[in-house]
Structure formats: structure tokens, C-alpha cells
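> My structure is below; once you've seen it, I'll send some questions.
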Amino acid sequence: MNGHQFVDEDEVLFKPIYETSKSFYALAAVLIAVFLFGVVMYIRQFMFGLGETGMNEPVTWGFYIISFVFFIGISHAGTLISAILRLSKAEWRRPITRMAEVITGIVLLIGGIHPIIDLGRPDRILHIFERGRLQSPLLWDMTSITAYFTASTIYLYLPLIPDIALLRDRGGKFHKLYEILSWGYQGTERQKHVLEKAINILMVMVIPIAISVHTVISWIFSMTLQPGWHSTIFGPYFVVGAIFSGIAALIIVMIIFRKVFHFEDYLKNIHFNYLGTLLLVMSLLWFYFTFAEYLTTFYGHEPPEMRVFLYKFIGGYAPFFWAMVACNFIIPVIFLSNKKLKTIPGILISSIAVVIGMWLERLIIVVPSLANPRLPYPTGIYVPSLTEISLLAAATSAFILGFMGFSKLFPLISIWEIKEGREESVKMVSERLNEYLPSKGHIRKEMI
Amino acid sequence: MPRYGMVIDLNKCNQCEACITACKLENNVQIVSKENAEMGRAMFWMKMLDTNYEGSYPDVRAENVPALCMQCDEPSCIKVCPVRATFKRDDGIVAQIYPQCIGCRYCMANCPYTAKVFNWFKDEQPVENEKCNNIDVSVRPKGVVEKCTFCIHRLQIAKEKAKAEKREIREEDYQPACAEVCASKAIYFGDLDDPHSKVSKAMHDYRKFTLQEDLGTKPKVYYLSAKSE
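These protein sequence lines are chains V and L, in that order.
Be aware that the first sequence starts at 2, since it is given in my numbering, and climbs by one per residue.
Be aware that the second sequence starts at 1266, since it is given in my numbering, and climbs by one per residue.
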């Protein structure tokens, strides 16, 4: 099998880069309009002050912090899942890893900007570098997010190099860009070896960084004295929630691109089946943490904690709370534990439910605690303003736009890894399987 | 070094709210528009907590607690500030540095007394109000957090005055606006470490308590309970 034939074989993966439909431009135009509207609203907020939002006292954190936690959570899809699957040598990862890593890169950028949008004085952001206090959890957060962003963009970029080299060899548009980005990669033995080694080092490094990021974000809340926040399980609870929402987002992205770019040959039922099982496991794990968190609160029965608890269970935020339970637990469990319902549309429904549910979970964590302060202070009501809603819409469209832009520059499925899978892995896996099995190896070999 | 603190005798307090008004005028605390006040953005450095009513008609006794920044000895707000815009001075006053604040509102989220307020908008007051501003206190820009400072500017002035007159600073030289204006003399203010000061004498009372004692923030604003045995 020579290179040329191979390229033809996976032609459908190159197609999105060279062919752009009219509906693509139409969608892009709509999304850019939404995004620009968000930018205008932000400029208004910058000029007139944070009063443009619906925040007040005591609910001093609102949509921006919710989006911040939510988007950073989604980012765990990517790098963490792709790293874990690579590390565990799961062969079905091959068409998935690239999309997962792209999610991480885009979403981290979007999420990382949110705390700055939330600042009353964004013009003084450099004070954090000039006179930052390392004792403040916000500083830990900034440190871990920048580390994660650096690591995950490199982790996205390295496995992209052989594909960029393929694009460069095809010539055509952006030839110069590909030439620079491919670093003269020719696919020699030495280059392959170095690349593989670098990917291996990064994938091990990325896992602790990813876990630290969401743990530190949860610490922003749990280091305070607020009722409902001051909890030791917040670290793992947030990490589980992050991976949970990340897998759901990944499944949605995969199903959409499968449909739009006709990747049916690459993303098969089995991929969705496996990811669906993973989503079900995370859903159960999420429920376990939620149950443990609220049961201990209820049994402790401290008055300030109970005020927050009741506000969530039967008070003003009850509709959101129970919608969250339905979205995060009931819908995924119904759809994913039932063989008849665990089809691609079923998995899509439960993934969308999980993404909405995880957004609600962040809302449930941030607002009720602030709305019920310890002292008998007039409790707050939080209603987001147009500014906040349009900025959430802008963030979402920035995410889709980022993906659309990426699909026009680079292949969404790692071509060289698919190729490697076809050429080498089948043999490697059968050899590996033989190692696992009890001896009588020669009989087994014949059977395979 | 003195350690400034306050004692509020709830038995003497008649809930006239003169302290709140005095505080607002003394510190140029912004007057927000009606709509914003209804949204919960009214700015007070000192406020009345919700009233408790004891007994039934006609023997009703209202208990009101005037609350300000508790000037904690272990303040939870300064722990989380990312830029050291709030810090504890050697004399125990928890101060704010307005030009340094980036407006992340983390300190507000971590204050168990909800004592801090945020400048949601640029000054909304009519221009004529500027003439009434206290020239000793800076007007805060939009987007920063502010709170009670025990009228720290008065301490500055008192110190300078005492220095010019070549004497030690006296208790009556430095009194915050709320303590000065209190008609029923319910607010005592001064050096908690000085055994002869009025405040430390008032503190030695079995009715003494602080808000949220169990959190370990060690407030320097003490209350004397209104209940008498």
C-alpha cells in the first residue's frame, strides 16, 4: 500500500477542507452575528459597569462564573479522555481523539476568558501579575488553567503534525501554512519514534494537570465559608462532573460531524456504544457524589446549610434542581441502560440532556449559596440580564465557530492514526491478545 | 500599637438609624437609583439586619442589630483576595485599597457577614451632590469593592493633629461617624487593649457576644445583648 492509494482511501476525511457548502457560510454568518452581538454587549458592560448584568448583593456571582466552570468542565472531554484512551491502548480511540482534543483547546480559551469578563475592572487585570497573592485560590486557578491550556494545545498539535505533512504534500490551498506547521515531517523512522515518544510523555503529563484544573476550580468555592460550598468532596465531585459533561459534548460533536461530513465509515455504532457506556458510568458516579453531598448536608442539619438545601429542593431553585436530576441521571440511565433505546438518536438525546443538566448543576452550585447568606440579610433573587444571556450565546457560537474553522484547516479525524491502525494495530493487537491468554500460544495463533 | 474595636449596646440602641445615615454621608457612599436599589444594589456600609420581634401584641419588643464590617482579627475576605486589595493593618483595621481592586468580588462571596458592597455603576448621583461630598474620603470608581473602614480618614487626621500638638492621640480624637452621632450613646469605640478606654470597660459585660462566633473570624465589633435577666 503506497501513500497515494492511502490518501484516496481516506479521501472523505480530506473533503471538508477542500469543499465548502453554502449552508456552511450561512451558518457561519449567523454565528458570527450572534458572536458580534455578544461583543457589543460586552463593550457596553465595560463602559457602564457590571450593573449591566443581573447580579446584585448578595448574589455577586452569576452567569459568567457558571459559564466559566461549565466550559472548563467540558474541556475535560478532550485531553483527558483522549489521553486515558491512548494510555490504555483502546484501539477504538483512533477516530475520536482528534475531535476530543479540539474541544479542549477551543473550550479552554472560551472558559478562561469568562473570569475576565466577570471582573469589575478588567483594565487592572495585570495587577494579578504585578502583585498577585499566591494564597488566593484565584491565582492557583489561573496557574493551572494556563498550564492545562499549554499542555493540551501541544497535545493537540503533536498528533496533528503527520496529518499536516499529508496536507502539505497534496499542495493546494494554505500550502505555505502547512509547510511551516509540519516542521519538515517526512515520516521517517526517527521522526516517527521522536513523535511517539513526545506524545507518550505528554499524555501521561496531561492527566494530572487536567484533574488539578477542575479540582482547583472547585476549591474557589470550597475554600470559602459559604454554606453549601464549604465541602471536602467538591474536588472529586467537580472532576467527575467535568468528565461527565465532556463526554456528552464529545458525543454531540461526533454525531453532528458524522452526519454533516459523512464520516459513517469511521464513526461506527460501536464507538457510540462504548462512549454511551462510559457516559452511563459517569452518570451513576455523578449521582453517587450528588447523593453523598446532599445526604450529609441534610443529616448535619446546620441552619445555614439547610437554608441553601431547602432553597434547592423545594424553594426558588427547585425547578432547576429537579430538572438537573432528570437531565443528569434519569434521562441518561433510561436511554443508556436499555438496549433498545441505546441507539445513536438515543445517545444523542441523553448527551444533550447531560450538557444542559451539567450547566444547571453549575447554576445550582453557584447561585443558591450566595442567595442565602448566613446573616438574616435580605436574600437575593438573581435574574440574568440580556447582557449575560447574549454573552452565553456568544460563547456557544464561538465554540461552534471554532470547530467550523478547524474543520476547514485540518482533518477532524486523525488520518495517520487510522492508517496506523489499519496497517499495524491489527497485527499488534492479536499479538497482545496472545500475551494475555494462557500458553498454548501456537494453537491460538493458528486459530487467529 | 492600639487595637481598635467597637461595642454596640443593643439595650441602649433605639433603632433611629442615625448611624446608618451618618456613615453614608461621612464616607460618600453612593446613592443608587430606585431601580437598582430594588434589585438589591443599595449601598450601605452600615445597615440594620432584619428585625426580630419578641412577644405578642401589645407586649412587643423589637430587636434590631445595626451591622457594619466586623473588622475581624481573622478576616476571611483578605485570605482570598488575589491582589492584596484588602488587608489588615497593624492597628487591626481591615482596610481596602481601591486603586488596586480588580473587582472579582471573591471577598464579597467569602464574607460571612455580607458586609461588603460593590460599585455596580459609575456614580449615579446628581452632579449637585458632589458639593456635599466629604473631601476627606475618596469617591470610589465603578467596579471596585468597598466597605466600612472604621472611618480610617478620621484616624489619619487625629494622628496628624496629635503630632502637631506634640501629644499622644486621645480617645475622643478618633471616633467613627456612627459612634459620634449615636444619640443614645449605644456605640462605644476605642482601643480594646487599653484597660482604661470606655470600649474595653463596656466590653466587660456578661451580655457580650459577637455575630457568627462559631466561624472563628474573631470580630472586633462586639454586641451587648438586649435581653436582661
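C-beta atoms are modelled at their ideal positions from N, C-alpha and C, and glycine is treated no differently.
These numbers come from a predicted model, not from an experiment.
Which chain V residues are close to C1228/L, counting only those with a beta carbon under 8 Å from its beta carbon?
No answer is possible for residue 1228/L: the residues shown for chain L start at 1266 and end at 1494.
> For P304/V, does the three-state DSSP call read helix, strand or coil?
Residue state, collapsed to three classes: helix.
> Just to confirm my understanding: we take I1296/L, look at its own chain, exclude 5 residues before and 5 after, and list those with CB closer than 6 Å. What are they?
Same-chain partners within the cutoff: Q1390.
> Do three or more CB pairs link the segment 27 to 42 of chain V to the segment 422 to 433 of chain V at distances below 8 Å?
No, the segment 27 to 42 of chain V is not in contact with the segment 422 to 433 of chain V.
> With DSSP as the reference, please indicate the residues paired to V1556/L in a beta bridge.
The requested residue 1556/L is not part of the displayed model; chain L covers only 1266 to 1494.
> Using beta-carbon positions only, say whether I1417/L and I1343/L come within less than 8 Å of one another.
Their beta carbons are not under 8 Å apart, which means I1417/L does not touch I1343/L by this criterion.
> Which complete alpha helix (DSSP H) runs does the segment 1349 to 1384 of chain L hold, if anything under 4 residues is left out?
Segments of the alpha helix (DSSP H) lying fully in the segment 1349 to 1384 of chain L: 1371 to 1374.
> Tell whether a beta-carbon distance below 8 Å holds between E102/V and S145/V.
In this structure, S145/V does not lie closer than 8 Å to E102/V by Cβ.
> Inspect the beta-carbon positions of T105/V and R87/V and report whether they are closer than 8 Å.
Taking 8 Å as the Cβ cut-off, T105/V and R87/V do not qualify as a contacting pair.
> Which residues, taken in chain order from the segment 220 to 231 of chain V, show a beta carbon closer than 8 Å to some beta carbon of chain L?
Listed by position, the residues of the segment 220 to 231 of chain V near chain L (Cβ gap below 8 Å) are I221, M224, T225, L226 and Q227.
> Whose Cβ in chain L lies nearer than 7 Å to the Cβ of N57/V?
Under the 7 Å cutoff, chain L gives M1304, G1305 and R1306.
> Please say whether P412/V and L268/V have beta carbons closer to each other than 8 Å?
For L268/V and P412/V, no; Cβs fall outside 8 Å.
> Report the rounded CA-to-CA distance for E1319/L versus Y1487/L, giving the unit in angstroms.
Using only the alpha carbons, I get a separation of about 22 Å.
> Could you name the residues of the segment 29 to 55 of chain V whose beta carbon sits closer than 7 Å to any beta carbon of chain L, in the order they occur along the chain?
Here the close residues are F49, G50, L51 and G52.
> Going by CA-CA distance only, name the one from L280/V, T298/V, E424/V and F292/V that's closest to I335/V.
Closest by alpha carbon: L280/V.
> In chain L, which residues lie with their C-beta within 9 Å of the C-beta of P385/V?
Correct list: empty, because the minimum Cβ distance to chain L is about 12 Å.
> Could you check what DSSP says for V1410/L in three-state terms: helix, strand or coil?
The answer is strand: DSSP assigns V1410/L an E or B state.
> From the DSSP output, which residues share a beta bridge with E1328/L?
N1317/L.
> Select from the segment 1327 to 1344 of chain L all residues with a C-beta closer than 8 Å to any C-beta belonging to chain V, and list them in chain order.
Those residues of the segment 1327 to 1344 of chain L that come within reach of chain V (Cβ to Cβ, closer than 8 Å) are A1332, S1341 and K1344.
> Going along chain L in order, which residues have a C-beta closer than 8 Å to the C-beta of H215/V?
Here the premise fails: no neighbours, minimum Cβ distance about 18 Å.
> At what residues does the alpha helix (DSSP H) containing V356/V begin and finish?
Unbroken alpha helix (DSSP H) run through V356/V: I345 to A372.
> Apart from the five residues just before and just after V8/V, which ones in its own chain have a Cβ nearer than 6 Å to its Cβ?
Per-residue confidence for V8/V stands at a pLDDT of 48, beneath the threshold of 50, marking its modelled position as unreliable; no derived number is given.
> Taking only beta-carbon positions, decide if H128/V is within less than 8 Å of chain L.
So yes, H128/V belongs to the interface.
> Residues of chain L with CB under 7 Å from P377/V, in chain order?
Per Cβ cutoff of 7 Å: L1314 and D1315.
> Between the segment 1356 to 1368 of chain L and chain V, which residues of the former have a C-beta closer than 9 Å to a C-beta of the latter?
Residues P1364, Q1365, C1366, I1367 and G1368.
> Output, in sequence order along the chain, the residues in the segment 365 to 376 of chain V whose CB is closer than 8 Å to any CB in chain L.
Within the segment 365 to 376 of chain V, the qualifying residues are L371, P374, R375 and L376.
> Would you mind stating whether M1311/L and C1447/L have Cβ atoms separated by less than 8 Å?
No. Outside cutoff.
> Check this for me: beta carbons of I107/V and L159/V, under 8 Å apart or not?
Contact: no.
> How many Å lie between R308/V and T61/V at the Cα?
The alpha-carbon atoms of R308/V and T61/V are separated by roughly 18 Å.
> With respect to the alpha helix (DSSP H) encompassing A395/V, which residues constitute its N-terminal and C-terminal limits?
Start and end: L387 to L410.
> Jot down the residue ranges of each uninterrupted alpha helix (DSSP H) in the segment 130 to 214 of chain V, minimum 4 residues, whole runs only, in chain order.
Counting whole runs of 4 or more residues, the segment 130 to 214 of chain V contains the alpha helix (DSSP H) stretches 138 to 158, 162 to 171 and 176 to 182.
> Among residues of its own chain, excluding the 5 on either side of Y65/V, which ones have a beta-carbon nearer than 6 Å to its beta-carbon?
Closer than 6 Å at the Cβ level, and outside the excluded window around Y65/V, lie H115, I118 and D119.
> Answer with buried or exposed for G4/V, where buried requires no fewer than 16 other C-beta atoms within 10 angstroms of its C-beta.
With a pLDDT of only 43 at G4/V, under 50, the local geometry of the prediction cannot be trusted, and the value read off the model is given with reservation. It counts as exposed.
> Exposed or buried, A319/V, counting other C-beta atoms within 10 Å across all chains shown (16 or more means buried)?
Exposed is the call here.
> Between S370/V, I350/V, P237/V and T80/V, which lies nearest to V205/V when the distance is taken from Cα to Cα?
Among S370/V, I350/V, P237/V and T80/V, the Cα nearest to that of V205/V is on T80/V.
> Determine the closest residue to I350/V out of M42/V, L337/V and G112/V, with distance taken between C-alpha atoms.
For I350/V, the nearest C-alpha among the options comes from L337/V.
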